[in-house]
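> Chains as they are written, first to last, in our numbering: chain A, 1 to 115; chain B, 116 to 395; chain C, 396 to 939; chain D, 940 to 1210.
Take a look at this one; I'll ask things after.
Right, dumping it as structure tokens:
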């Protein structure tokens, strides 16, 4: 089977964010991560494109994405002091949305930095 | 290490000094290893700050750090003679007793070294894109973390609005967790509070936090199956190039949809001034 | 669609000086006539084209670092409160992105030029600009300390340097070229500076700052960039730097240029004790060279934070103030220093700086050549521009301020001898039409048919500062964004960029050099077009 | 003028920001007006009487009852009058205070008297961290005034303080007197580590031995005359500061050499 190659891919495992990784992947998983360090290789090879988990869970039970989004929105909207936290393992685009969310909610906003 | 225009011999043109509480693999890769006693980093850096200014520090007092005055003097001498010095520091410094003051000590030392030569300092950030979170929060709110919007504009106070403190004190009544697993890393009282209140988790995996949450949504993995941008620890943004197609939506998409759903509900703040000049 | 009737129109681009005329707006642009839509009765009001800031620092790594350094200022400043549709923000010395848009629009400015973008952080700068609402944006990319460009100039490879500069502009999705302390920031990597235009730069055998000035100006002209080289001269802020500045201007050899924040470059005297204004000499140069423009970089008394790619100057300032200091290194492209600072009227040096900025605005005769700026945030915050307008329009007010300066200032400044007062027409030129033309943005600062309907309407008021701080209406692209002091709408602005043509072999030439000395992959370096929010590619007209 | 009494009737579930709990706000208000003042329960704007029973009006003397550990900013920027609290209070007690007195019969949290300018704050229980400190990024902490905490204190007591007096009865944690620029801190039960770190000026007096940073130098053993002034000033507040040479002497340390600073740490010798 031929693998697709992504050149100069970026590794977000640690803060170094190396951007010279050569990834060899099929539809499901990455088979090779050339130039990545031990940690980076493990990071790339451990993720797959499989549907391992349900789309969403509400109170531990499987739910649709739409239901989960509405439930999340309701909980956050009703809270007197909601908290938005984390944002390490995600993109800047998502981070911008998170700050916008905290701003809209009038809540707390914090990242890993404060730990 | 790369060879460069100004350092043509690469590694040979550089001096690497490691300061740690035990000899690690990195120690072998360095020219000099200084073994500091656990919990004495702040003292050692403060001594160095005094020594670069030719202030006297007693030999016995210095020795308590595990590093001798002679070693300190030698280090100061090398630092001053360097053409361009760079200090990297990690969580061994910033997460141990003294915390932000330990980092502040090193940053101050780097600043003060510029009276003699060129010096910079950089935190070795863990956790992928935590730098991006800092950068984004700064431009959108003016502050890097530890923020509240409860008065309708950003306010900042680490210790008051930082998550561990907020959770331990029980100061929040709903939590939205993304790209982190506090259920695995935070102190137990903080985790207990997360379990008490409605917690919502966005993550590519079912995490410890997911298990105590009311809502979990599975998302694609940044840089593997989700595109976007990440900031390197020196605040240089880099594009992400996913090699896989995820069956799950991206964080960005899900957060936006939650935001849009909330925007349809009643806005929480009563009409008032658009701009104020006296903040609390 | 919109009609504005009965207002006194000040439209220097079309020579209209206070005539009562009707303005019609359709599809965001001025039209000859319009059917239907809202009519604004502007009787008794003054109508200007929206302000254009030719030189400011509002987005990117440096200002974002300044934000992190000044939480104490964020706490004491204007706070914009969240509404259902509008983001919150904080003003002050280094405002947040959203507040930047609100504050500019709030005083009638609708276009801004972010004057210092390193290619490496261009992606970051554009992300921030995307979060500055209402105003349109342009950027200048830093070139005068880029080691690849400098090496080419050292080796006399002009053509290749021109291609590389063009490549960089497009890689950064930028609009123009900025030269900061040519050669000096590169030398700062060694803890050195470059103060003599004709001495070789530290680390180079023959390349001088003067060579960089001449050749970068020529490159900008040859590439036909709409905005000429944007130049921050060497030796900023130092007593006696007038000779460096005049020497620099001569090195332009007849090429177009915009000289940034001239105030910081017009000092005489050999040291701080002897420092004096040399604006008469500098203004004379501008008065006899109509192909160069400048902005004042005026200083206003009060707190601010200073940020500039001029690392050597910033370290000196830190040592002078003993306050906070931040310094950034942008690999082999440039660097940046950040120092909070308070300008005080009682401080002789600050008092001279204050006078010098105003003197330049008053001594340079043609308002099409000298523009309002504080080099935000360096000389003061942009939201204090109305104070400068008041100082320019009211000689009495100026004289009153002069009485608060130290006695020792006598004989060191020219300001007490100047009685010129700006007219509204001249203000409209210096805050809008002039900078728009210098930027090559012909659709801006112009109320003519077909131009962008960016308008600011003031209620006539004897209190000039009040009038200019609180426009009655601000209209951006035909949409009312400010009305009676309230923010009505926060549309996204456009970003102006250029794509100068370059030899397609430039990629191949650059890649190995790049891989030698950069820390990121060559392929990941240019900002992707799809990341740009509302880009507008403007034409280049190369010299044939 | 009678006093205004407020009793907490509803425990807030998240922090309650109540900077209006100040004599300056209430002095001219009727009971109805006081009841309708806005407090922030998390992000919700509520009436004061949603949380408190309010008796009295038009007074600059306030008496608060109840467990107020979630109530923040009590006495913020107050310039006159008196607040007495029977119970514990939350963060920022008396922050930016300009005058008057606050007395708490209970514990207080972080940032007691932060950046205060004048006035007296007395906490009979324990205090938190950053007492009399400067908020993040500020160049100066408290400018003047007095803060007395009978119990223990947290981190960074008196951080960047410029003038004024802080007395801590119980043990204080790390970084007491961090970057101090002036004023006096009296530690009746000593402190943990890094006391006086980076101090420029000012005096820290400890009645118990404390670990000393290596960048402090032992100067001499003596009983400074100025202690008599402090002693006289603190006596009416019930604090006994030994100042006669007969009571045993103090060891004087100076530092912090890393700044280099001219601060003083006096450590009382068991006499």
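Glycine included, every Cβ here is placed at the ideal spot set by N, Cα and C.
#1: Quick check: what's the CA-CA separation for residue 192/B versus residue 133/B?
#2: Helix, strand or coil: how does DSSP classify residue 1027/D here?
#3: Helix, strand or coil for residue 962/D? Go by DSSP, reduced to three states.
#4: Please state whether the Cβ-Cβ distance between residue 351/B and residue 915/C is less than 8 Å.
#5: What residues in its chain sit with their C-beta under 6 Å from that of residue 287/B, if we drop five residues either side in the sequence?
#6: Quick one: residues in its chain with C-beta nearer than 7 Å to the C-beta of residue 99/A, no 5 flanking neighbours on either side, listed in chain order?
#7: When DSSP builds the beta bridges, which residues end up paired with residue 508/C?
#8: Leaving out the 5 sequence neighbours to the left and right, which residues in its chain are closer than 7 Å to residue 1148/D when beta-carbon positions are compared?
#9: Give the DSSP-derived three-state secondary structure of residue 1057/D in the structure shown.
#10: Grouping DSSP H, G and I as helix and E and B as strand, with all else coil, what is residue 782/C?
#11: Using a Cβ-Cβ cutoff of less than 7 Å, which residues in the same chain neighbour residue 938/C once the five nearest sequence positions on both sides are dropped?
#12: Could you tell me whether the region 1170 to 1187 of chain D touches the region 189 to 204 of chain B, using the rule of 3 or more Cβ pairs below 8 Å?
#13: Are the region 1053 to 1068 of chain D and the region 1088 to 1095 of chain D touching by the rule of at least three beta carbon pairs closer than 8 Å?
#14: What first and last residue would you give for the alpha helix (DSSP H) that runs through residue 223/B?
#15: Provide the residue(s) that pair with residue 346/B in DSSP beta bridges, ordered along the chain.
#16: For a contact defined as C-beta to C-beta under 7 Å, what are the partners of residue 981/D on chain A?
#17: Starting from residue 440/B, trace the alpha helix (DSSP H) in both directions and tell me its first and last residue.
#18: Near residue 621/C, what residues of its chain come up, given a Cβ to Cβ distance below 6 Å and the 5 sequence neighbours on each side ignored?
#19: Is the number of C-beta pairs between the region 797 to 815 of chain C and the region 737 to 755 of chain C that are closer than 8 Å three or more?
#20: Determine the extent of the beta strand (DSSP E) in which residue 994/D is found, giving its start and end residues.
#21: Specify, as a first and last residue, the run of the alpha helix (DSSP H) that residue 922/C falls within.
#22: In terms of residues, what are the limits of the beta strand (DSSP E) holding residue 414/C?
#23: Terminal residues of the continuous alpha helix (DSSP H) containing residue 194/B?
#24: Taking Cβ-Cβ distances shorter than 7 Å, what residues in chain D pair up with residue 168/B?
#25: Are residue 738/C and residue 694/C touching if we call contact CB-CB under 8 Å?
#26: Can you tell me whether residue 284/B is helix, strand or coil according to DSSP?
#27: So, are the CB atoms of residue 349/C and residue 935/C less than 8 Å apart?
#28: If we cut at 8 Å on Cβ distances, does residue 912/C have a partner in chain B?
#29: Could you please tell me which residues of the region 1119 to 1138 of chain D, in chain order, have their CB closer than 8 Å to any CB of chain A?
#30: Closer than 8 Å, CB to CB, is residue 37/A near chain B or not?
#31: Excluding sequence positions up to five away, which residues of its chain have a Cβ less than 8 Å from the Cβ of residue 637/C?
#32: Can you name, in chain order, every residue of its own chain whose Cβ lies under 8 Å from the Cβ of residue 928/C, other than the five neighbours on each side?
#33: Mind the definition here: the region 323 to 337 of chain B touches the region 481 to 498 of chain C only if three or more C-beta pairs lie below 8 Å; say whether that holds.
#34: Does residue 1036/D come out as helix, strand or coil in the three-state DSSP assignment?
#35: Based on DSSP bridge pairs, tell me the residues matched to residue 1198/D.
#36: May I have a chain-ordered list of the alpha helix (DSSP H) segments no shorter than 4 residues that lie completely inside the region 797 to 873 of chain C?
Looking at the coordinates:
#1: Working through the second chain from its first residue, we reach residue 192/B at position 77. Working through the second chain from its first residue, we reach residue 133/B at position 18. Approximately 16 Å, taken between the alpha carbons.
#2: For the purposes of this step, residue 1027/D is taken as the residue at position 88 of the fourth chain. Looking at residue 1027/D - three-state DSSP - the assignment turns out to be coil, as it is neither helix nor strand.
#3: For the purposes of this step, residue 962/D is identified with residue 23 of the fourth chain, where counting begins at 1. In this structure, DSSP gives residue 962/D a helical state, which the three-state scheme calls helix.
#4: Residue numbering aside, residue 351/B sits at position 236 when the second chain is read from its first letter. Residue numbering aside, residue 915/C sits at position 520 when the third chain is read from its first letter. One thing to note: residue 351/B has its Cβ within 8 Å of the Cβ of residue 915/C.
#5: If you number the second chain from 1, residue 287/B lands on position 172. Counting only Cβ-Cβ distances below 6 Å, and skipping sequence neighbours, we find 281.
#6: Position 99 of the first chain, counting from 1, holds the residue named residue 99/A. Cβ within range, chain order: 109.
#7: The count along the third chain starts at 1 and reaches residue 508/C at position 113. Beta-bridge pairing links residue 508/C to 533/C.
#8: For this step, residue 1148/D is matched to residue 209 along the fourth chain. For residue 1148/D, where only same-chain residues beyond five positions count, the Cβ hits under 7 Å are 1129 and 1206.
#9: As a working note, residue 1057/D is residue 118 in the fourth chain. The three-state reading of DSSP puts residue 1057/D in coil, since its state is none of H, G, I, E or B.
#10: By one-based count along the third chain, residue 782/C stands at place 387. Here residue 782/C sits in helix by DSSP.
#11: Here residue 938/C is taken as the residue at index 543 of the third chain, counted from 1. Counting only Cβ-Cβ distances below 7 Å, and skipping sequence neighbours, we find 616, 617 and 619.
#12: With a cut-off of 8 Å, the region 189 to 204 of chain B and the region 1170 to 1187 of chain D do not count as touching, because too few Cβ pairs lie within range.
#13: Proximity of the region 1053 to 1068 of chain D to the region 1088 to 1095 of chain D meets the contact definition, three or more beta-carbon pairs being nearer than 8 Å.
#14: Here residue 223/B is taken as the residue at index 108 of the second chain, counted from 1. Where residue 223/B is concerned, the enclosing alpha helix (DSSP H) stretches over 215 to 228.
#15: Translated into the one-based positions of the second chain, residue 346/B becomes position 231. In DSSP, residue 346/B forms a bridge with 352/B.
#16: As a first step, residue 981/D must be located in the fourth chain, where it is residue number 42. Those within 7 Å of residue 981/D in chain A are 80 and 81.
#17: Residue coverage of chain B in this structure runs from 116 to 395, which leaves residue 440/B outside it and unanswerable.
#18: Along the third chain, one-based indexing puts residue 621/C at 226. Once the five neighbours on either side are set aside, the close Cβ partners of residue 621/C are 835 and 933.
#19: Yes: the two stretches touch, three or more of their Cβ pairs being nearer than 8 Å.
#20: Here residue 994/D refers to the residue found at position 55 when the fourth chain is read from its first residue. Unbroken beta strand (DSSP E) run through residue 994/D: 991 to 994.
#21: Locating residue 922/C in the third chain gives position 527, counting from the first residue. In the DSSP annotation of this structure, residue 922/C is not part of any alpha helix (DSSP H), being labelled neither H nor E.
#22: On the third chain, position 19 is the one that residue 414/C refers to. From DSSP, the beta strand (DSSP E) with residue 414/C extends over 411 to 415.
#23: Within the second chain, residue 194/B is the residue found at index 79, counting from 1. First-last of the alpha helix (DSSP H) with residue 194/B: 184 to 196.
#24: In the second chain, residue 168/B corresponds to position 53, counting from 1. Those within 7 Å of residue 168/B in chain D are 1199.
#25: Within the third chain, the letter at position 343 stands for residue 738/C. Within the third chain, the letter at position 299 stands for residue 694/C. Taking 8 Å as the Cβ cut-off, residue 738/C and residue 694/C qualify as a contacting pair.
#26: Position 169 of the second chain, counted from the start, is the residue given in the question as residue 284/B. In the structure shown, residue 284/B sits in a helix (DSSP, three-state: H, G or I).
#27: Given that chain C is displayed from residue 396 to residue 939, the structure contains no residue 349/C and the question cannot be resolved.
#28: Position 517 of the third chain, counted from the first residue, corresponds to residue 912/C. Chain B, which has a Cβ nearer than 8 Å to the Cβ of residue 912/C, makes this yes.
#29: Along the region 1119 to 1138 of chain D, there is no position whose C-beta sits under 8 Å from a C-beta of chain A.
#30: Numbered from 1 along the first chain, position 37 holds the residue referred to as residue 37/A. Using beta-carbon distances, residue 37/A does not count as an interface residue toward chain B, since no partner is under 8 Å.
#31: By 1-based counting over the third chain, the position of residue 637/C is 242. Closer than 8 Å at the Cβ level, and outside the excluded window around residue 637/C, lie 660, 661, 662, 663, 673, 676 and 677.
#32: Locating residue 928/C in the third chain gives position 533, counting from the first residue. A distance below 8 Å between beta-carbons, with the five flanking residues on each side excluded, links residue 928/C to the following residues of its chain, in chain order: 521, 524, 525, 887 and 890.
#33: By the Cβ rule, the region 323 to 337 of chain B does not count as touching the region 481 to 498 of chain C, because fewer than three pairs are nearer than 8 Å.
#34: Here residue 1036/D corresponds to residue number 97 of the fourth chain, with the count starting at 1. In the structure shown, residue 1036/D sits in coil (DSSP, three-state: anything other than H, G, I, E or B).
#35: What you label residue 1198/D is simply residue 259 of the fourth chain in a count that begins at 1. DSSP lists no partner for residue 1198/D.
#36: Within the region 797 to 873 of chain C, the complete alpha helix (DSSP H) runs of at least 4 residues fall at 819 to 823, 829 to 833 and 859 to 864.
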